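Q: As given, the protein sequences belong to chains A and B, one line each in that order. FYI, in my numbering the residues of the first sequence are 1 to 240. FYI, in my numbering the residues of the second sequence are 241 to 482. From the three backbone atoms N, C-alpha and C, an ideal C-beta is built for every residue, glycine too. A quick note: this is a predicted structure, and the numbers were derived from the prediction, not measured. Before I ask anything, let me first share the structure, which is written out below as structure tokens.
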Amino acid sequence: MSIDRRMRLWSLVADHAHGVPAAVEHVGAAVMSAAGVDGVAVTVVLAATPRETIYASDRVASRLEELTLTLGEGPGVDTFAGGPVLVADLAAPGCLARWPAFAPAAVRAGVRAMFALPLQVGAIHLGVMSLHRAQPGDLDAGQLADVLVLADTACALLLDAADGSRPDGHQPAPAGLQHPEVHQATGMIIVQLGVSAAVALVRLRAYAYAHDRPLRDIAADVVARRLRFDRDRDDQGGTG
Amino acid sequence: MAEVELADVFVEMADTLVDDFDVIDFLHVMTERCVQLLGVSAAGLLLTDGQDTLQVVAASSERTRLLELFQLQADQGPCVECFRTGQPVSVADLPSAGRWPRFTAAAAEVGFAAVHAVPMRLRTEVIGALNFFDTKPGAVDADKLRIGQALADVATIGLLQQRAIHRRDVLTEQLQTALNSRVLIEQAKGVLAERLHVDMADAFTLLRNGARSHNRRLSELAQAIVDGTEQIPEATTASRPH
């Protein structure tokens, strides 16, 4: 059951946080144990700066991110086309053809399996989470499901870190796949505030946390036009 | 009449084999064909999100209430049962079936009495379900169910597009991409609804027409609208309040 998986994985993240508010690096650590991989890296893509690796579990993970950035190719690049890139064996002929510079370099660095998950919410591209393993092979269905939930958790933490009002230590609202109103409301707030999609979603989430109401309910209010986020008001939202 | 429309479906399926094929638009067309060919009131297509939940990816109508009704089945309802068993599920009369109270109540509010679901299968794997509703209670006849299953199969082929998908990883990649496209489209609907003061269903229509008339993929146009690099020309805004 989806709720059980989320709860179990959040406990795992919290365990890795050892009492401090959970952050993206704790999600990275949780991914390693849940997916049975050797290393994890999280790279964010921000408007003003190029890719920045904000977490790497070890030197191999850092190396893969460096290679991706320097060579401009690899699963970590292709994943921006909209979906995960799951590679069981970088040494396979198809992979060598697809990434002629990256694949051999990654194999030389000791990596055979690599799984790149986009950290995204529709049009909002936050970054990528890359997993690697020395042993070739797929993730099984359970590991994949866990990794998808943890990628969503990483998105949620990244979004909430952008605004001061994040609920420290508490499980964040899911970022991606959820009720359509959340995404529709994001679009409406883009226009109402004249901001980017990422900022719009951050504001929507911050409002929900600040008013201690479920994100879905706030989104429903926005879509029903009971709640507007107006540029010319000091507070973040108001009735229109 | 039905034969002509079935031929349309085959043509559309053949279209899925070309390079610039728009999978999201195609899935929408499949739901519309479902309504036309089966004579039902509404149809929706749900896919697994890989995290134990079904998500709506396309529906014959973008009315919010209808989408919510489909989405209510994220973790329980006929669609979920169909997805888990890989078998068609038919409920000829929802209220008297006495199952899924929340879903039944919501369906009644929108006026639906009967619901059917057929699985979207790739060999042994079930990737989602095609769901259709009727305002009149009653079983769906065997021929129609076969057509419904054929439409689900066409939708699966179109979505997966590759002859050699035998690995879960490629399947997951395709599904996750489709699901993210759906989020993108919802965001674009919000932008258009607010900018043009229209409802979400009209916003979707504008988006879709814009994509078709400029030969662009729905998801690409949606991205451009959300990024602000593209505007959809307003139809008539004479009466727009300030």
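What is the residue span of the alpha helix (DSSP H) that THR68 of chain A lies within?
A: 59 to 71
Q: Flag this pair as yes or no: are the beta carbons of VAL31 of chain A and VAL423 of chain B separated by less than 8 Å?
A: no
Q: Just the chain A side, please: which residues come within less than 8 Å of GLU470 of chain B by C-beta, in chain order?
A: Ordered by position in chain A, no residue passes the 8 Å Cβ test against GLU470 of chain B, which lies about 12 Å from the chain.
Q: Buried or exposed, going by whether 16 or more other CB atoms sit within 10 Å of the CB of SER11 of chain A?
A: exposed
Q: In the structure shown, what three-state DSSP assignment does ASN371 of chain B receive?
A: strand
Q: Find the nearest neighbour of GLY39 of chain A within the set A:VAL111, A:ALA162 and A:ILE190, judged by alpha-carbon distance.
A: For the options A:VAL111, A:ALA162 and A:ILE190, the alpha carbon positioned closest to that of GLY39 of chain A is the one of A:VAL111.
Q: Is ILE124 of chain A helix, strand or coil by DSSP?
A: DSSP places ILE124 of chain A in the strand class (E or B) of the three-state scheme.
Q: Got a sec? Which residues, its chain only, sit under 8 Å from LEU267 of chain B by beta carbon, not counting five neighbours each side?
A: LEU285, VAL297, ALA298, ALA395, GLY398, LEU399 and ALA418
Q: Going by beta-carbon coordinates alone, are LEU307 of chain B and ALA369 of chain B separated by less than 8 Å?
A: no
Q: Using beta carbons (cut-off 8 Å, strictly below), is MET1 of chain A in contact with chain B?
A: In this prediction, MET1 of chain A scores a pLDDT of 49, lower than 50, which makes its location untrustworthy; no coordinate-derived value is stated.
Q: Going by other Cβ atoms of all chains shown within 10 Å of its Cβ, with 16 needed for buried, is ASP289 of chain B buried or exposed?
A: Label assigned to ASP289 of chain B: buried.
Q: Please state whether DSSP places PRO359 of chain B in a helix, a strand or coil.
A: In the structure shown, PRO359 of chain B falls within a strand segment according to DSSP collapsed to helix, strand and coil.
Q: Applying a beta-carbon distance threshold of less than 9 Å, which residues of chain A neighbour ASP467 of chain B?
A: ALA123, SER196 and ALA197
Q: Are at least three pairs of beta-carbons, each pair with one atom in the stretch 197 to 204 of chain A and one in the stretch 132 to 149 of chain A, less than 8 Å apart?
A: Not touching, per the Cβ criterion.
Q: Start and end of the alpha helix (DSSP H) containing SER459 of chain B?
A: That run of the alpha helix (DSSP H) goes 458 to 467.
Q: Let me make sure I understand the geometry here. Which of A:GLY137, A:ASP58, A:ALA35 and A:VAL85 has the alpha-carbon closest to that of ALA109 of chain A?
A: A:ASP58
Q: Output the boundary residues of the beta strand (DSSP E) element that contains ILE54 of chain A.
A: 52 to 56
Q: Could you tell me which residues DSSP puts in a beta bridge with VAL329 of chain B?
A: B:ALA357
Q: If contacts are defined as beta-carbon pairs under 8 Å, then GLY187 of chain A and GLN427 of chain B qualify, I think. What distance do you get, rounded to the angstrom?
A: About 4 Å separates the beta carbon of GLY187 of chain A from that of GLN427 of chain B, a gap short enough to meet the 8 Å contact definition.
Q: Find out if the Cβ-Cβ distance for the pair ASP409 of chain B, ALA88 of chain A is shorter than 8 Å.
A: yes
Q: With C-beta atoms as the reference, is THR68 of chain A less than 8 Å away from PHE102 of chain A?
A: In contact: THR68 of chain A and PHE102 of chain A (Cβ atoms closer than 8 Å).
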